[in-house]
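Okay, so the sequence shown: first residue is 136 according to the working numbering, each after it adds one.
Every residue gets a Cβ at the ideal spot worked out from N, C-alpha and C, and that includes glycine.
Keep in mind the model is a prediction, meaning the values are calculated, not measured.
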Amino acid sequence: MIIMGMKEILDKIKDAIVNLDIDSIPKLCLEAINENIPPYDIVMNGMAKGMEIVGQKYENNEYFLAELIMAGETMKEGMKVLEPYLKSGELKKVGKVVIGTVKGDLHDIGKNVVVTLLSAAGFDVIDLGVDVPPEKFVQAVKEHKPDIVAMSALLTTTMVEMESVIKALKEAGLRDNVKIIIGGAPITKEFAEKIGADAAARDAVEGVNICKSWVKG
Ligand code: B12
136 MIIMGMKEIL DKIKDAIVNL DIDSIPKLCL EAINENIPPY DIVMNGMAKG MEIVGQKYEN
196 NEYFLAELIM AGETMKEGMK VLEPYLKSGE LKKVGKVVIG TVKGDLHDIG KNVVVTLLSA
256 AGFDVIDLGV DVPPEKFVQA VKEHKPDIVA MSALLTTTMV EMESVIKALK EAGLRDNVKI
316 IIGGAPITKE FAEKIGADAA ARDAVEGVNI CKSWVKG
């Protein structure tokens, strides 16, 4: 039997995403788990790396919408295998997060990675899904009383919706009850500052670390 190294398996997982190989991804993820590769690394250094390449191929007109959707589905199949290993169910919850992709935006692959990693870090996560209007964020904050509101946007045309959510929270008198973090490819720290969010994260790992720093102590 050939025993593969960690980098080799992660590269295979990355390639499976790039090649839209939905049949192989569950087996490869399981193989990685059996080789004791931390599930966290499988997501960030395997599948997410593959999604980056898929994004570049789309930008170079090598891939089109159908391939993008297929890549997303392939990543979801991998996440299904990894989720039980990422969950830390017995742990006391460290804090509560309400998260969603803003109105008009249907991109959820990145948000789902954030959800998975937050859950793995012991957060109680209320996922509102995609295309979430400001009223729905406000309603969820009233109902669930989270410590943190997290928003995702992948389009320059929808990132402005993040400001609408913050305004709506202010109007409802809820803004000061929560910390607000935003993320997604077009999001910068400058933008976060401009719209009155508390933080912006360039990736899921940084985002989870910021959330952890807010709830500790
Ligand atoms: C996959 C994809 C799609 C899929 C989405 C499938 C799904 N279920 O999500 C589909 C095919 C549906 C799609 C549709 C469209 N897309 Co698209 N899509 C992409 C693509 C290739 C990859 C995005 C992705 O999933 N990346 C992988 C994940 C893991 O990365 P991520 O999302 O950036 O998330 C990471 C971080 O940003 C961060 N993060 C993300 N959210 C959050 C939130 C918080 C709180 C935190 C802390 C962190 C965080 O953590 C994640 C992990 O580290 C990007 C290109 C790109 N390079 O980004 C284009 C892209 C975003 N799409 C684009 C466009 C134009 C569209 C369409 C308008 C195309 C069309 N003509 O119909 C539609 C819009 C649909 C809509 N209304 O939303 C453009 C946006 C251009 C712009 N500047 O606005 C891009 C940049 C491609 C391009 N260069 O043209 N798309």
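Cβ-based neighbour list, residue i, same chain, cut-off 7 Å, excluding 5 preceding and 5 following
i	result
L155	E202, M205, A206, T209
Y198	V189, K192
Y220	I168, P174
L253	V232, V260, V343, C346
K324	A335
V354	With the chain covering 136 to 352 only, the question about residue 354 has no answer from this structure.
Whole-number beta carbon distance between residue j and residue i, since they are thought to touch under 8 Å
i	j	result
I316	C346	7 Å
G257	L289	Wrong, their Cβ atoms sit about 27 Å apart, outside the cutoff.
V313	D282	7 Å
V248	P161	Incorrect: roughly 17 Å between the Cβ atoms, too far for contact.
I144	L163	7 Å
F272	L241	So it is not a contact: roughly 17 Å between Cβ atoms.
A167	I177	5 Å
E298	I330	4 Å
Beta-carbon contacts of residue i that lie in its chain and below 8 Å, excluding the five residues immediately before and after
i	result
I188	K149, I152, V153
H358	Only positions 136 to 352 of the chain appear in the structure, and residue 358 is not among them; the question remains open.
G245	S287, L289, G318, G319, A320, A339
K228	G257, F258, D259
Sequence-distant residues of the same chain with beta carbon closer than 6 Å to residue i, five excluded per side
i	result
I172	M141
G224	Because G224 carries a pLDDT of 47, less than 50, the predicted location of this residue cannot be relied on, and no value is offered for it.
R310	L304
D243	T236, V265
G181	L145, I148, K149
G213	I160, C164, M182
Bounding residues of the alpha helix (DSSP H) (the contiguous stretch that carries residue i)
i	result
I172	Taken as a continuous stretch (DSSP letters only), I172 belongs to no alpha helix (DSSP H), as it is neither H nor E.
I148	141 to 153
M182	Note, M182: premise wrong, no alpha helix (DSSP H); not H, not E.
V273	269 to 279
Span of the beta strand (DSSP E) around residue i
i	result
M286	283 to 287
* Are the segment 291 to 302 and the segment 258 to 265 touching, with three or more C-beta to C-beta distances below 8 Å? -> Contact fails between the segment 291 to 302 and the segment 258 to 265, because fewer than three Cβ pairs, one in each stretch, are under 8 Å apart.
* Whole runs of the beta strand (DSSP E) within the segment 204 to 259, excluding any shorter than 3 residues -> Counting only runs of 3 or more, we get 230 to 236.
* To do: Pick out the complete beta strand (DSSP E) segments inside the segment 301 to 341, 3 residues or longer, and give them in chain order.
  => For the segment 301 to 341, whole beta strand (DSSP E) runs of length 3 or above, ordered along the chain, are 314 to 318, 334 to 336.
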